[in-house]
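**Student:**
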Amino acid sequence: MGPMVWISALICIFGLLVKFILIIKEVYEKERYLLSYITVRHSLRSIIAWLIPFYPRSTRMRPVYYGISYLFHVLLFLLPVFLMSHIVLINESFNLSWPAMNDTAADILTIGVIFALVFFVLRRRFIPDVRFLTSFMDYILILMVLLPFVTGFLAYHQVILYKWIVIAHVLSGEVLLIVIPFSRFSHMITAPLTRAYTGSEFGNIRHARDW
Amino acid sequence: MSGNETISIEKSTDDAVENGLSRLTPQRVSHVINQVLHQETGARFKAYVDTCMRCGLCSDACSYFLSNDRDPSFSPAAKVKQTIWEMLAKKGKVSKDFLRRAVHIAHLECNVCRRCSMYCPFGIDIAYMMLLVRRICHKLEITPQYIQDTVNSHSVTMNQMWVKEDEWIDTLQWQEEDGREEFEDLRIPLDKQGVDIMYSVIAPEPKFQAGLIYQAAVIMHAAGMNWTMPASPGWDNSNMAMFTGDNEISGRIARTFFESAARLNVKRIVMGECGHAFRSTYDVGNRALSWAMPPFEVVHAIEFYHELLTAGRISIKKKFTKRVTLHDPCNVSRGRGLHNMARKIVNMTCSNFTEMTPNKEHNLCCGAGGGVVNCGPPYKKERMVNNRVKAEQLAATGAEVLIAPCHNCHSGLEDIIHHYKLNMEVKFLGDILFETMEKKIYRPEE
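Residue numbers (my numbering), protein chains in the order written: chain A, 1 to 211; chain B, 1001 to 1446.
1) In this structure, how does DSSP classify A:Val113 when only helix, strand and coil are distinguished?
2) For B:Cys1113, which of helix, strand or coil comes out of DSSP?
3) Spatial neighbours of A:Thr39 within its chain, please: CB distance less than 8 Å, with the 5 preceding and 5 following residues excluded, ordered by chain position.
4) Please list, in chain order, all residues of the same chain as B:Thr1083 whose beta carbon is under 7 Å from its beta carbon, the five residues on each side excluded.
5) Among the candidates B:Asn1408, B:Phe1065 and B:Asp1185, whose CA atom is the shortest distance from the CA of B:Asn1239?
6) Can you pull the chain B residues whose beta carbon is under 9 Å from the beta carbon of A:Leu17, in chain order?
7) Mind checking whether B:Arg1135 and A:Glu31 have CB atoms under 9 Å apart?
8) Kindly indicate if chain A contains any beta-carbon less than 9 Å away from that of B:Thr1006.
9) Which of helix, strand or coil does DSSP assign to B:Asp1236?
10) Under the assumption that A:Ala116 contacts A:Leu71 (Cβ atoms under 8 Å), give the Cβ distance between them as a whole number of angstroms.
11) Apply the 10 Å Cβ neighbour rule to A:Tyr55 and answer buried if 16 or more other Cβ atoms are within range, or exposed otherwise.
12) Quick one: is B:Phe1304 buried, meaning 16 or more other Cβ sit within 10 Å of its Cβ, or exposed?
13) Which value, in whole angstroms, describes the spacing of the CA atoms of B:Val1156 and B:Trp1162?
14) Taking the alpha carbon of B:Leu1024 as the point to measure from, which residue in B:Arg1100, B:Lys1046, B:Pro1377 and B:Ser1063 has its own alpha carbon closest?
15) Can you tell me which of the three DSSP states B:Thr1256 falls into?
16) Closer than 8 Å, Cβ to any Cβ of chain A: which residues of the stretch 1296-1312 of chain B, in chain order?
17) In or out: B:Asn1226 buried (at least 16 other Cβ within 10 Å) or exposed?
18) Per DSSP, what kind of secondary structure is A:His207 in: helix, strand or coil?
19) List, in order along the chain, the chain A residues whose C-beta lies closer than 7 Å to that of B:Arg1334?
20) Run through chain A and tell me which residues come within less than 7 Å of B:Lys1011, C-beta to C-beta.
21) DSSP three-state label for B:Leu1140, please.
22) Hey, does A:Lys30 have any beta-carbon neighbour from chain B nearer than 9 Å?
23) Quick one, which residues of the stretch 176-187 of chain A are near chain B if we go by CB-CB under 7 Å, in chain order?
24) Using 9 Å as the limit for Cβ to Cβ distance, is B:Met1001 near chain A?
25) Between the Cα of A:His86 and the Cα atoms of A:Val179, A:Val166 and A:Phe14, which residue gives the shortest distance?
26) Counting along the chain, where does the alpha helix (DSSP H) carrying B:Val1201 start and finish?
27) Could one say the Cβ of B:Gly1337 lies closer than 9 Å to chain A's Cβ atoms, at least one of them?
28) Considering only the beta carbon of each residue, do B:Val1298 and B:Phe1278 sit closer than 9 Å?
29) Taking 8 Å as the cut-off, does the stretch 83-98 of chain A touch the stretch 116-125 of chain A (at least 3 CB pairs, one atom from each stretch)?
30) Identify whether B:Thr1325 lies in helix, strand or coil by the three-state DSSP scheme.
31) From B:Thr1325 to B:Cys1062, what distance separates their C-alpha atoms?
32) What is the C-beta distance between B:Gln1175 and B:Ala1203, in whole angstroms, given that I count them as a contact (C-beta under 8 Å)?
33) Just how far apart, CA to CA, sit A:Ser183 and A:Ser8?
34) Does any residue of chain B bring its CB to less than 9 Å from the CB of A:Gly199?
35) Out of B:Gly1285, B:Leu1088, B:Lys1381 and B:Leu1212, which has the shortest C-alpha to C-alpha gap to B:Tyr1420?
36) Establish whether the CB of A:Glu92 and some CB of chain B are separated by less than 9 Å.
Written out as C-alpha cells, the structure is:
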C-alpha cells in the first residue's frame, strides 16, 4: 500500500481528534456552564435510545428512509473493514488479520449501499421538505461516498479498465477520508456530542424523554 | 378546516417592525449579526450548524409544518436555513426584506416548544437557534410591537402588564375580602416573612383573571398551607424578555423574582399554572444569574396539587363528570416531565377522561406559547391557520372540557376552539380542583 492511504487515514483520525479537542476547549472557554448539565447517565440514555432502530417516534414516522439510512450507516463501516481484499492488504503491511466477510455477501451489500445512496439522491429531489433543505453540497457529499463503493464494485468484478478503476477506487477512498473532518461528515463525532447535551438537558434538568 | 386558507394569508407585519427596519443601516445589521453569532455563541452553536445533515426528520415535529399541508418552508430546519444559515453564508450582510422574514419566522412561526429537538436524530436544539434570531432582532430593534410592550412593562414595573404596586395589593385584598364572605378566616397573607411557600402568579392574573388568585387562596386555605404573596415587585413570575432575546432584562426579572423569595425567607416557591413562567424560573432565568439550578425549589401548580391530593391535605368531594381531555404544555411536560402527575390529578378529580394523541412529551403545541400569542392581534389570523392540527387533534377526542395547565396554552386553545368552532370549554387544573374539592365553607350557625 502506498503512503497516501496512511496519510489520508491519519488526516481523518487526527482531524476528528483535533476537532473534538477544539470543541471541548471552546466549551471550556466560552460556555463552561454547559458542562454542569451534562451527565454520563443521561447522555448514554439518549444515545442508546437513538441507536435502537425505530425506537424514537420520529424514526417511525418515516420508516422507509430511516430503515435504509440505518442499514446504510452500519454497512458504511462494516463493509470496508470486513472486506477480504482490504484484510489481505492490511495483512501484507502489518501481519494482522481478522475474519473476512463472504465475498458474495459483500458484493450484494455493496449494491445495497449504492442503492441507498441513489435513494438519498431521489429523496433529495422529490420529497418537498428535504428538497427545500438540500443544497448542491449535499449531492457532492453523496457523490463522495458513492464513488469508492461503485469503483470497488467494478474493481471486484473486473469489468472494464481494471487498473484505472482500482486507482479511482483508492483515490476516491482517500479523498473521502481526508474530507471527513472538514465537512458535515464529521457528524460522526459531533452528533454524539449534541445528542449527549440534549439528552442531558432533557434527562437531567427537564426529567423528560427526548426520543 | 381547509388548508387552502394558507395561500391567501399574507405574512403580517407591524409598526414596530417596519419602523425598526427603516432605521437600520447595512453596517449595523452586519455588525449585530456577526456579534451575536460569533461572540455570544460557542462550540455548541457551531456543532448545531455543522451537524445538521438536512434529513428532514424534524419536519413532522412542527405543528406549523403539519398545519400548512407540509409546506417545506415551515420545517424546523428550513427555518434555520432561512435565517441562520443565510446570515452565516452572507457574513451578516442581509437585506431588510430578509430581516422582515427573519422576524416573522423567529417570532411567529416558531413557539420554541423544542418538540423538534426530540425528532432530530442528533438532538439539535432548533429553538435555541430561533431564540438567537430573536436576540438579533432585539439588538436591531425590530421586535414585534405587542411583545416589545410587555418587555417594556417588565423593565419599568417588573411585571408584564403595567400593574402598579397599589393596584397589585388592592387586587389581592379585594380577593381576600370576597373570599372571607364565603370561607371562614381565609387570608391572602401579604409579605409574611419566614413562611413555607411564596405563591407567585403571572401579571395577567391580577390584571384580568383575579378569580384565579381567589381560587388559589381557597385551595391554600382548605389545605391549611403556611403561605404568602410578595407585596412589592418581584411577584410576577412571567418573563417575556426571555422570548424576545432581551437577555439583560430577562436576567433582571429573574433576579427580582428570586430576591423577593429571599427577602421573604420562604422555603419554596409555588407558582400558578403557567408554562413559560415555569421555564423562566426553573430553566432559563436562574442560568442568567449563574445558578445552574434555581436557588429556590420552584414548584409548578401541577406538582403542588398532586402533593396536596396525595398527602390528603385536600380531598375530592364529587368528581367532575363531563368528558375531559388534557393538553400537555411544552414547558411543563417536555420542560419538566410533569405530564404523568397531571394525569394522576385528572384521574383523581374527573370520572371521564379521554387522552388526546399524540400526548405527553409528544403533544402538539398550543400555537400560542414562546411569545407567539404575545405578538398580538396583527398576527392572530395566521396563528389560527398555523395550528389547524391542534384543532383536529382536539376534535378527535370528543371531549367537552379541555384541561390546559398553562396560561399561554389557554389563550391559544381558546382562540383555536373559537376559530374552528369546536364547542369545548378550556379549564385549568385549578378550576377542576376548585369545583370538585372539599372546601372550608363559612357557616355562621356552627
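Heads up, the beta-carbon is just placed ideally off N, CA and C, and yes, glycines get one too.
Only a predicted model underlies this, so the values are computations on that prediction, with no experimental measurement involved.
**Tutor:** In this structure, then:
1) Residue mapping note: residue 113 of chain A aligns to position 113 of the first sequence, counting from 1. Helix, per DSSP.
2) Position 113 of the second sequence, counted from the start, is the residue given in the question as residue 1113 of chain B. Three-state DSSP puts B:Cys1113 in coil, outside helix and strand.
3) Taking the first residue of the first sequence as position 1, residue 39 of chain A is located at position 39. Once the five neighbours on either side are set aside, the close Cβ partners of A:Thr39 are Ser200, Gly203 and Asn204.
4) Residue 1083 of chain B sits at position 83 when you count from the first residue of the second sequence. These residues qualify, in order along the chain: Ala1102, Ile1105, Ala1106 and Val1133.
5) Walking along the second sequence from the start, residue 1239 of chain B turns up at place 239. B:Asn1239 has its Cα closest to that of B:Asn1408, out of B:Asn1408, B:Phe1065 and B:Asp1185.
6) In the first sequence, counting from the first residue as 1, residue 17 of chain A sits at position 17. Near A:Leu17 there are no residues of chain B at all, since even the closest Cβ is about 15 Å away, more than 9 Å.
7) Counting from one through the second sequence, the residue named residue 1135 of chain B turns up at place 135. Counting from one through the first sequence, the residue named residue 31 of chain A turns up at place 31. Against a cut-off of 9 Å, the Cβ pair of A:Glu31 and B:Arg1135 comes out as no contact.
8) Position 6 of the second sequence, counted from the start, is the residue given in the question as residue 1006 of chain B. Any reading at B:Thr1006 needs caution, since the residue's pLDDT is 42, under 50, leaving its predicted position unreliable; the model's value is listed next. Judged by the 9 Å Cβ criterion, B:Thr1006 is not in contact with chain A.
9) The residue labelled residue 1236 of chain B in the question sits at position 236 within the second sequence. Strand.
10) Taking the first residue of the first sequence as 1, we reach residue 116 of chain A at position 116. Taking the first residue of the first sequence as 1, we reach residue 71 of chain A at position 71. Between A:Leu71 and A:Ala116 the Cβ distance is about 7 Å, and since that is below 8 Å, they are a contact.
11) Within the first sequence, numbered from 1, the residue matching residue 55 of chain A stands at position 55. Per the 10 Å Cβ criterion, exposed.
12) As a first step, residue 1304 of chain B is located in the second sequence; it is residue number 304 there, counting from the start. Buried, by the Cβ-count rule.
13) Counting from one through the second sequence, the residue named residue 1156 of chain B turns up at place 156. Counting from one through the second sequence, the residue named residue 1162 of chain B turns up at place 162. The alpha-carbon atoms of B:Val1156 and B:Trp1162 are separated by roughly 8 Å.
14) In the second sequence, the residue the question calls residue 1024 of chain B occupies position 24. Measuring from the Cα of B:Leu1024, the nearest candidate turns out to be B:Arg1100.
15) Position 256 of the second sequence, counted from the start, is the residue given in the question as residue 1256 of chain B. Helix.
16) none
17) As a first step, residue 1226 of chain B must be located in the second sequence, where it is residue number 226. By the 16-neighbour rule on beta-carbons within 10 angstroms, B:Asn1226 is exposed.
18) Position 207 of the first sequence, counted from the start, is the residue given in the question as residue 207 of chain A. Annotated three-state conformation of A:His207 is coil, per DSSP.
19) Counting from one through the second sequence, the residue named residue 1334 of chain B turns up at place 334. Ordered by position in chain A, the residues that pass the 7 Å Cβ test against B:Arg1334 are Arg206 and Ala208.
20) Translated into the one-based positions of the second sequence, residue 1011 of chain B becomes position 11. Here the premise fails: no neighbours, minimum Cβ distance about 17 Å.
21) Locating residue 1140 of chain B in the second sequence gives position 140, where the first residue counts as 1. In this structure, DSSP gives B:Leu1140 a state outside helix and strand, which the three-state scheme calls coil.
22) By one-based count along the first sequence, residue 30 of chain A stands at place 30. Interface residue, yes.
23) From the stretch 176-187 of chain A, only Arg184, Ser186 and His187 have a Cβ closer than 7 Å to chain B.
24) Within the second sequence, residue 1001 of chain B is the residue found at index 1, counting from 1. Bear in mind that a pLDDT of 39 at B:Met1001, under 50, signals an unreliable position, so the model cannot answer this.
25) The residue given as residue 86 of chain A occupies position 86 in the first sequence. The residue with the shortest Cα to Cα distance from A:His86 is A:Val166.
26) By 1-based counting over the second sequence, the position of residue 1201 of chain B is 201. Membership of B:Val1201 in any alpha helix (DSSP H) is not indicated, and neither H nor E is assigned to it by DSSP.
27) As a first step, residue 1337 of chain B must be located in the second sequence, where it is residue number 337. It does: the Cβ of B:Gly1337 has a partner Cβ on chain A nearer than 9 Å.
28) Residue 1298 of chain B sits at position 298 when you count from the first residue of the second sequence. Residue 1278 of chain B sits at position 278 when you count from the first residue of the second sequence. Against a cut-off of 9 Å, the Cβ pair of B:Phe1278 and B:Val1298 comes out as a contact.
29) no
30) By one-based count along the second sequence, residue 1325 of chain B stands at place 325. Note: B:Thr1325 maps to strand in three-state DSSP.
31) On the second sequence, residue 1325 of chain B is found 325 positions in, with the first residue counted as 1. On the second sequence, residue 1062 of chain B is found 62 positions in, with the first residue counted as 1. Roughly 22 Å separates the two Cα atoms.
32) For the purposes of this step, residue 1175 of chain B is taken as residue 175 along the second sequence, with counting starting at 1. For the purposes of this step, residue 1203 of chain B is taken as residue 203 along the second sequence, with counting starting at 1. 15 Å between Cβ atoms; not a contact.
33) Walking along the first sequence from the start, residue 183 of chain A turns up at place 183. Walking along the first sequence from the start, residue 8 of chain A turns up at place 8. About 15 Å.
34) By 1-based counting over the first sequence, the position of residue 199 of chain A is 199. It does; some Cβ of chain B falls within 9 Å.
35) Taking the second sequence and counting its residues from 1, the one referred to as residue 1420 of chain B is at position 420. The option with the nearest alpha carbon to B:Tyr1420 is B:Lys1381.
36) As a first step, residue 92 of chain A is located in the first sequence; it is residue number 92 there, counting from the start. Closer than 9 Å: no.
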